[in-house]
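A.B. asks:
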Amino acid sequence: MLTVAVLISGSGSNLRALLEAASHPDFPARIVVVGADRDAEGLAHAEAFGIPSFTVPFRSFDNREAWGEELARQLDVWTPDLIVLSGLMRLLPAALVARYAPQIINTHPAYLPEFPGAHGVRDALAAGVTQTGASVIVVDDGVDSGPILAQERVPVQEDDTEHALHERIKPVERRLLIDVVRRVATGELVLTH
Ligand code: GAR
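According to my numbering, the sequence shown is numbered sequentially starting from 38.
1) Have a look at 198, 121, 85 and flag the residue whose alpha-carbon is nearest the alpha-carbon of residue 40.
2) Judging by CA-CA distance, which residue of 165, 106, 212 is the nearest neighbour of residue 137?
3) If we count Cβ pairs, one from each stretch, closer than 8 Å, do we get three or more for the stretch 106-115 versus the stretch 150-164?
4) Ordered along the chain, which non-local residues of its own chain (more than five positions away) have a Cβ less than 7 Å from that of residue 50?
5) In whole angstroms, what separates the C-alpha of residue 210 from that of residue 171?
6) List the whole-angstrom C-beta distance separating residue 46 from residue 127, where the pair is believed to meet the contact cut-off of C-beta under 8 Å.
7) With burial defined as no fewer than 16 other Cβ atoms inside 10 Å of the residue's Cβ, what is the status of residue 83: buried or exposed?
8) For residue 196, tell me which candidate among 68, 141, 166 has the shortest Cα-Cα distance.
9) Can you tell me which of the three DSSP states residue 77 falls into?
10) What are the partner residues of residue 192, as DSSP defines its beta bridges?
11) How should residue 99 be labelled, buried or exposed, when 16 other C-beta atoms within 10 angstroms of its C-beta is the threshold for buried?
12) What does the Cβ neighbour count give for residue 77, buried or exposed, with the cut at 16 atoms within 10 Å?
13) Taking only beta-carbon positions, decide if residue 216 is within less than 8 Å of chain D.
14) The ligand GAR and residue 48: does the residue's C-beta get closer than 7 Å to at least one heavy atom of that ligand?
15) From the DSSP output, which residues share a beta bridge with residue 174?
16) Is it the case that the Cβ atoms of residue 108 and residue 140 are separated by a distance below 8 Å?
17) What's the gap between the Cα of residue 89 and the Cα of residue 168?
18) Using the C-alpha atoms, what's the distance from residue 57 back to residue 81?
19) So, with DSSP's three-state summary, where would you put residue 123?
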């Protein structure tokens, strides 16, 4: 059984979908812990599913490296086979990536390499594209630059707002993320740098 740690910053709707999938007896992975870089709303989903959680507040540390060291200490307690960034809005320090790579994956609301970074949905709208998408990637040292594991196009509508478009992208992300975790767990998908 693949053990998974999930890291979030926000509402955790994708986390919730993963928790639901992983609570099914046939699903080959289990979420063992949920972590956040702030007092994230989504931590409530972990509690609802009886999954332990921890917070390592980014703002309590002098720099990214010190934050990453504490995050690694917390993750190490659970020895996860896989770490899922599900809306973690922080770049992981290189030392943390090196420690766990390639077993860290990230879900992103754009069709990478298009529109990487913190505002994938906003940037796609600003660019005036007619389609964007969702991607699940392996995390490397760059910004959303790792190997792509799964992705799918989502059309942009004429009157789209950032919120409306993001809400249409998220269900696609959930489906891709759950499928990637399942395929990693069965060995069908082997993560590489
Ligand atoms: C998701 O769309 C995720 O891809 C995005 O944050 C959202 C979290 O939603 N992450 C990034 O943009 C990372 N660059 P959720 O908290 O409702 O699951």
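Ideal placement from N, C-alpha and C gives every residue a C-beta, glycine not left out.
C.D. replies: In brief:
1) Nearest C-alpha to residue 40 among 198, 121, 85: 121.
2) 106
3) Contact between the stretch 106-115 and the stretch 150-164 is absent, because fewer than three Cβ pairs lie under 8 Å.
4) 207
5) 6 Å
6) 7 Å
7) The residue is buried, with at least 16 neighbouring Cβ atoms inside 10 Å.
8) 166
9) In the structure shown, residue 77 sits in coil (DSSP, three-state: anything other than H, G, I, E or B).
10) 168
11) exposed
12) buried
13) Annotation note: the requested chain D is absent from the structure, which comprises a single protein chain.
14) Yes, Cβ of residue 48 sits closer than 7 Å to a heavy atom of the ligand GAR.
15) 143, 185
16) no
17) 38 Å
18) Their backbone Cα atoms lie some 14 Å apart in a straight line.
19) Residue 123 sits in coil when the DSSP states are folded into three classes, being neither helix nor strand.
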